[in-house]
Ligand SMILES: Cc1cc2nc3c(=O)[nH]c(=O)nc-3n(C[C@@H](O)[C@@H](O)[C@H](O)COP(=O)(O)OP(=O)(O)OC[C@H]3O[C@@H](n4cnc5c(N)ncnc54)[C@H](O)[C@@H]3O)c2cc1C
Ligand code: FES
Ligand code: FES
């Protein structure tokens, strides 16, 4: 089946097996490999993308459901012409990545939390990122990075 | 017939299901995509995607009757202001289900039809005496949610039938609550889930109870309604003795397994504790004495309303919880 998707601001028309996952289409057809292939059971969050303004795990998202949808992957988090956005800069500044495998999913999930106006507190951010596992950092630096951006974007 | 269809109406979906033997309904896919990949269901079976059917999604009130469409996302139930204030057991169950990502994808109908004994949305619906509305080749029919389940992952739905939604009546002076015990703070299935619903005869903590139900998840092959709760409570205020009797009844209603989330004995004990806790919070809500905000999340809880903030690590602070109504152990 032919689907038309907006991916990171560009309209993409592609033929898919409708029962395939968005994750496999992103990685294997569109060669957007920032979105990681992790557990494939919805547990780890490494495959998180933003779908029409909500974060989802692309490993469980059936692509046939997405004709006309808008998808933002980690490759589209920074604005055009930008290398990184403020959140990605904060991940670097706080040393919030070690092996880096969880980082794209963390960044995408955190970006959507911030867009939803997450309360700038450790508690709210930990709850919001509960679906993203990191086996390296112990989370503290990730939470610090997101918290710093929550505070700087929300001048309350 | 094509391997994937995306009908735009219930009538169209039911016609496709009738004409496509072996077709499987796809909603959010959070169970089905995994089941297909692991071969628990036939990966070649045609899918009928119900996510484009507008009439299947959303929350609607009709006076004191609440309709929740089968394709409503769990996150929409979690955030719905009417559900939060009038049917809080449902929003409390939605709030602890999976992660943000899973809640955005998973639907109420999928959670019911997947028929896991640990499904979080089921006990609240049982406690609220909800009805499930089913469309099939022979038209529409309704049944109590409790009669939907025949065993772990088994339902009484006939081939080609589609769940279109659930319906709950929410009278004035009623209150509900859902609490669960998990090993981890988030991203874990319930070791035990307990929901309670109370209709009070008046305001204040001494008001007598007019009707009550307690339901449990993850302690038997299907979710269960605790028998005899009405008999124990109706006509009386909620005393410590009656709460203890309900605790015993809840433990007795369990037929649990031992697994990684707890032994049978532990589950039986926790079911009693959580049943009493859910009941006292539901009662406090029905009688207007609950201070507001959601019930504490998880077993022996930290401060109410804070939620899963220690999803990843941390000590549990129980001081706040021990001071709350319903904390017995
Ligand atoms: C990482 C992770 C964590 C989770 N955590 C929890 C948790 O804490 N608590 C919990 O309860 N669940 C949990 N779940 C399971 C939960 O996401 C599912 O049960 C979900 O609610 C199913 O809804 P869906 O829309 O994704 O259904 P699908 O996967 O699309 O479908 C599930 C089943 O229901 C059938 N179906 C769906 N809709 C209908 C309909 N309208 N009529 C007839 N049949 C239908 C399908 O054919 C299929 O058999 C978790 C899942 C994952 C992946
Ligand atoms: S790969 Fe999708 S959640 Fe782990
Ligand atoms: S940095 Fe290695 S998993 Fe998070």
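Residue numbers (this note's numbering), protein chains in the order written: chain B, 37 to 192; chain Y, 43 to 371. Backbone N, C-alpha and C fix where the C-beta goes; we use that ideal spot for every residue, glycine too.
Leaving out the 5 sequence neighbours to the left and right, which residues in its chain are closer than 6 Å to residue i when beta-carbon positions are compared?
{"i": "residue 160/Y", "result": "231, 232, 259, 260"}
{"i": "residue 341/Y", "result": "Only weak support is given to the placement of residue 341/Y: the predicted model assigns it a pLDDT of 43, under 50, and the value that follows is read from those uncertain coordinates. Contacts found: 223."}
{"i": "residue 153/Y", "result": "161, 163"}
{"i": "residue 303/Y", "result": "225, 233"}
{"i": "residue 48/B", "result": "41"}
{"i": "residue 122/Y", "result": "101"}
{"i": "residue 51/B", "result": "38"}
Following a CB-centred definition, is residue i positioned closer than 8 Å to any heavy atom of ligand 3?
{"i": "residue 223/Y", "result": "no"}
{"i": "residue 136/B", "result": "yes"}
{"i": "residue 171/B", "result": "yes"}
{"i": "residue 229/Y", "result": "no"}
{"i": "residue 139/B", "result": "yes"}
{"i": "residue 166/B", "result": "no"}
{"i": "residue 126/B", "result": "no"}
{"i": "residue 142/B", "result": "yes"}
{"i": "residue 133/B", "result": "yes"}
Across which residues does DSSP place residue i in a beta bridge pair?
{"i": "residue 98/B", "result": "57/B"}
{"i": "residue 91/Y", "result": "68/Y"}
{"i": "residue 40/B", "result": "49/B"}
{"i": "residue 204/Y", "result": "177/Y"}
{"i": "residue 258/Y", "result": "236/Y, 266/Y"}
{"i": "residue 251/Y", "result": "242/Y, 276/Y"}
{"i": "residue 109/Y", "result": "102/Y, 209/Y"}
{"i": "residue 107/B", "result": "43/B, 87/B"}
{"i": "residue 47/Y", "result": "90/Y"}
{"i": "residue 149/Y", "result": "115/Y"}
{"i": "residue 56/Y", "result": "Per DSSP, none; premise fails for residue 56/Y."}
{"i": "residue 180/B", "result": "Residue 180/B pairs with nothing; no bridge assigned."}
{"i": "residue 93/B", "result": "84/B"}
Does the Cβ-Cβ distance between residue i and residue j come in under 9 Å?
{"i": "residue 245/Y", "j": "residue 330/Y", "result": "yes"}
{"i": "residue 188/Y", "j": "residue 129/Y", "result": "no"}
{"i": "residue 167/B", "j": "residue 105/Y", "result": "no"}
{"i": "residue 58/B", "j": "residue 110/B", "result": "no"}
{"i": "residue 69/B", "j": "residue 95/B", "result": "no"}
{"i": "residue 317/Y", "j": "residue 297/Y", "result": "no"}
{"i": "residue 149/Y", "j": "residue 186/Y", "result": "no"}
{"i": "residue 209/Y", "j": "residue 108/Y", "result": "yes"}
{"i": "residue 271/Y", "j": "residue 288/Y", "result": "yes"}
{"i": "residue 221/Y", "j": "residue 236/Y", "result": "yes"}
{"i": "residue 147/Y", "j": "residue 93/B", "result": "yes"}
{"i": "residue 295/Y", "j": "residue 262/Y", "result": "yes"}
{"i": "residue 97/B", "j": "residue 71/Y", "result": "yes"}
{"i": "residue 87/B", "j": "residue 114/B", "result": "no"}
With a threshold of 8 Å (Cβ to nearest heavy atom), would residue i be considered close to ligand 1?
{"i": "residue 144/Y", "result": "yes"}
{"i": "residue 73/Y", "result": "yes"}
{"i": "residue 203/Y", "result": "yes"}
{"i": "residue 149/Y", "result": "yes"}
{"i": "residue 247/B", "result": "This structure gives no information on residue 247/B, because the portion of chain B shown stretches from 37 to 192."}
{"i": "residue 102/B", "result": "no"}
{"i": "residue 116/Y", "result": "yes"}
Kindly list the residues whose CB is nearer than 7 Å to the CB of residue i, restricted to its own chain and excluding five residues on each side of it in sequence; keep chain order.
{"i": "residue 215/Y", "result": "241, 242, 328"}
{"i": "residue 324/Y", "result": "217, 218, 219, 238, 239, 240"}
{"i": "residue 193/B", "result": "Outside the displayed span of chain B (37 to 192) sits residue 193/B, for which this structure offers no information."}
{"i": "residue 67/Y", "result": "90, 92, 204"}
{"i": "residue 313/Y", "result": "234, 236, 258, 261, 292, 293, 296"}
{"i": "residue 137/B", "result": "72, 82"}
{"i": "residue 73/Y", "result": "152, 156"}
{"i": "residue 44/B", "result": "108, 109, 111, 112"}
Quick one: measure Cβ to Cβ for residue i and residue j, integer angstroms, because I've assumed they're closer than 8 Å.
{"i": "residue 69/Y", "j": "residue 92/Y", "result": "6 Å"}
{"i": "residue 99/B", "j": "residue 39/B", "result": "6 Å"}
{"i": "residue 187/B", "j": "residue 140/B", "result": "Actually they are not in contact, since the Cβ atoms of residue 187/B and residue 140/B sit about 23 Å apart, beyond 8 Å."}
{"i": "residue 285/Y", "j": "residue 322/Y", "result": "6 Å"}
{"i": "residue 378/Y", "j": "residue 133/Y", "result": "What the structure shows of chain Y is the stretch from 43 to 371, and residue 378/Y is not part of that stretch, so it cannot be assessed."}
{"i": "residue 168/Y", "j": "residue 265/Y", "result": "6 Å"}
{"i": "residue 169/B", "j": "residue 81/B", "result": "6 Å"}
{"i": "residue 151/Y", "j": "residue 94/Y", "result": "Residue 151/Y to residue 94/Y, Cβ: 14 Å. No contact."}
{"i": "residue 71/B", "j": "residue 134/B", "result": "With a Cβ gap of about 19 Å, residue 71/B and residue 134/B do not count as contacting."}
{"i": "residue 181/Y", "j": "residue 59/Y", "result": "No, residue 181/Y and residue 59/Y are not in contact; Cβ-Cβ is about 14 Å, not under 8 Å."}
{"i": "residue 166/Y", "j": "residue 135/Y", "result": "5 Å"}
{"i": "residue 56/Y", "j": "residue 178/Y", "result": "7 Å"}
{"i": "residue 206/Y", "j": "residue 75/Y", "result": "No, residue 206/Y and residue 75/Y are not in contact; Cβ-Cβ is about 22 Å, not under 8 Å."}
Within a Cβ cutoff of 8 Å, which residues of the same chain sit near residue i, ignoring the five residues on either side of it in sequence?
{"i": "residue 142/Y", "result": "117"}
{"i": "residue 279/Y", "result": "247, 248, 249, 250, 251"}
Any heavy atom of ligand 2 closer than 8 Å to the Cβ of residue i?
{"i": "residue 107/B", "result": "no"}
{"i": "residue 155/Y", "result": "no"}
{"i": "residue 96/B", "result": "yes"}
{"i": "residue 145/B", "result": "no"}
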